[in-house]
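Worksheet: one structure, shown below.
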Amino acid sequence: MKLDSIILVLSCLGLVQAVFLCTYLFTFKNGNKKTNLFLAFFLLGLTIRIGKSVLNVYLSLEPWQRNLGISGLLLSGPMLWFYGRLLLKKEGVISTKDYAHLLPFFGFFTFCYFIPNDGTKFSYIIYISVFIHLLVYLILSTLIYISHKTKTDATITVIYRNLLVGTGLIWTFYMGNLAGLFPFYIGGAIFFSLLVYIFSFLLLKKPLFVVEKYANSSMDKETSKKHLNQLKSLFKNEQLYLDNMINLDQIAEKMKISPRNLSQVINENEQKNFSEFVNEYRIEKAKLLLIDSKYLQEKIATIAYECGFGNVTSFNIAFKSATKLTPSQYRKQNKN
210 MKLDSIILVL
220 SCLGLVQAVF
230 LCTYLFTFKN
240 GNKKTNLFLA
250 FFLLGLTIRI
260 GKSVLNVYLS
270 LEPWQRNLGI
280 SGLLLSGPML
290 WFYGRLLLKK
300 EGVISTKDYA
310 HLLPFFGFFT
320 FCYFIPNDGT
330 KFSYIIYISV
340 FIHLLVYLIL
350 STLIYISHKT
360 KTDATITVIY
370 RNLLVGTGLI
380 WTFYMGNLAG
390 LFPFYIGGAI
400 FFSLLVYIFS
410 FLLLKKPLFV
420 VEKYANSSMD
430 KETSKKHLNQ
440 LKSLFKNEQL
450 YLDNMINLDQ
460 IAEKMKISPR
470 NLSQVINENE
480 QKNFSEFVNE
490 YRIEKAKLLL
500 IDSKYLQEKI
510 ATIAYECGFG
520 NVTSFNIAFK
530 SATKLTPSQY
540 RKQNKN
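Spelled out as structure tokens, the structure:
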């Protein structure tokens, strides 16, 4: 297979993946719907632009069709900025007047048939202006990232950073191509495909609704860590997990924070829900009791109840999930 064919296949796969991602984000019902929409429109804008690049190499496009593709960049820039404001700055809403930033896109899109794209000096000025427009929003978005990266969940900052880097590479390549530094025009599509694949991988590692669940929370990373240490200290010193009736609300009240904030502390720092966090302590306690000489004659059920489990079935499932062994197998394997 020739290099051109390989590049075409990779570019087309990236575009198809991007379309699936956009559809997923537009229809996604969990998480913050507004941030999902901004991200979807950002990706859609890049998809339109890169799609035009791929088609332009293999087909003879009309000037208005090329303009239609270029207009995607006028959509992506503001959407990336809006996305950062909600995701990192944690602004509750984007004001109506801010949507004026989309006027260049709507104007270019509406009049794409009349805007020159014929290789003349004026058409080059328009083309460069579109990329300057994207650069402005890249800078604004980068400033948001720099000022808020230490105050936000690491997964969120990694996703946003990758979007910035990917978009920056695409911008650099197209400008380099225009300046004659990169003769390989379709290379921008390769960078876009990499951006889409990396973003898809991050979503598989941590679904978007988990990432964005607390995007608008006022609790910063430092406060979250402080509450986690307080929680661990409570569990260590008071062994709250031994009470099989303990719940999120009771512990939150003890810590003088809201149940939602406590849930956020556990989710963000431990990547677990409340039950998983509590059961981890119970299982560690059970592991000690199972090999304790004083408990060697005790039934598994007795140990389960002593460690805070409400029933033996839940204990067996949680224990095997954590150790890959049943409680009986663990006891037998660790017998002196």
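Quick note on our numbering: the sequence shown kicks off at 210 and runs consecutively. The beta-carbon is built from N, C-alpha and C at its ideal position, and this holds for glycine as well.
Cβ contact annotation for D327 (same chain, cutoff 8 Å, sequence separation greater than five): P272, in chain order.
The beta carbon of L246 lies closer than 8 Å to those of L234, F235 in the same chain, with the five residues before and after it left out. In this structure, Y383 and F340 form a Cβ contact; the two beta carbons are roughly 7 Å apart against a cut-off of 8 Å.
The DSSP-derived three-state label of A531 is helix. Remark: C-beta atoms of L222 and S409 do not approach each other more closely than 8 Å. Each residue's CA atom was taken as its position, placing S262 and V218 some 14 Å apart.
For the set G293, T535, I460, the Cα lying nearest the Cα of N371 is the one of G293.
I257 is a Cβ neighbour of G281, given a cutoff of 8 Å. The residue among K481, L505, L404 with its C-alpha nearest the C-alpha of A227 is L404. Distance from the CA atom of I407 to the CA atom of G375, rounded to whole angstroms, is 9 Å. In this structure, I259 and A398 form a Cβ contact; the two beta carbons are roughly 5 Å apart against a cut-off of 8 Å. With respect to L443, L449 sits close: the two C-beta atoms are nearer than 8 Å. In terms of CA proximity to M464, S433 leads the group G254, L498, S433. Pairing K533 with Q459, the inter-Cα distance amounts to about 31 Å. The Cβ atoms of L252 and L230 sit closer than 8 Å to each other.
Check the Cα spacing between V474 and each of K529, T364, V521, L440: the tightest is with L440. Closest in C-alpha terms to K435, from the list N470, N525, I455, comes N470. Using a Cβ distance threshold of 8 Å, F400 and L378 count as a contacting pair.
Cβ atoms of L270 and F314 stay farther apart than 8 Å, at about 19 Å.
Contact check for T361 against K430 passes: the beta carbons are separated by less than 8 Å.
Sequence-distant Cβ neighbours of N276 in its own chain, meaning closer than 8 Å and more than five residues away, are F317, C321, Y322, I324, N326. For L295 against T244, the beta-carbon gap comes to about 5 Å, under 8 Å, which counts as contact.
Look at E462 here: in three-state DSSP terms it is helix. Straight-line measurement puts the Cα of N478 at about 28 Å from the Cα of T535.
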